[in-house]
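In my numbering, the protein residues as written are 9 to 74. All C-beta atoms in this analysis are idealised placements derived from N, C-alpha and C, irrespective of residue type, glycine included. In what follows, a single structure is set out as structure tokens and then discussed.
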């Protein structure tokens with residue numbers, strides 16, 4: 009879905025045993041989306057046809073330029 013300029017979205021991800029494994033927030037400012045996350049596992053983000061690797065981190069951040 010398209011995140012509107014100046015808006016943000018947050019989510020939590022749980023495993024099959026209902027343990028939280030990740031929290032994530034995406035904030036859009038103009039043509040940039042800043043994704044901040046806490047995850048004990050590496051994962052990938054796909055946006056605008058590009059794939060971004062996100063390593064496990066307590067305070068990870070990925071900047072996506074649209």
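| Check | Outcome |
| --- | --- |
| According to DSSP, residue 73 sits in a beta bridge with which residue or residues? | 40 |
| If you reduce the DSSP assignment to three classes, tell me which class residue 35 lands in. | strand |
| Just to confirm, are residue 64 and residue 55 a CB contact at a threshold of 7 Å? | no |
| With a threshold of 7 Å on Cβ separation, who are the neighbours of residue 22 within its own chain once the five nearest residues in sequence on each side are excluded? | 28, 29 |
| Would you mind sorting residue 41 into buried or exposed? The rule is 16 or more other CB atoms within 10 Å of its CB. | buried |
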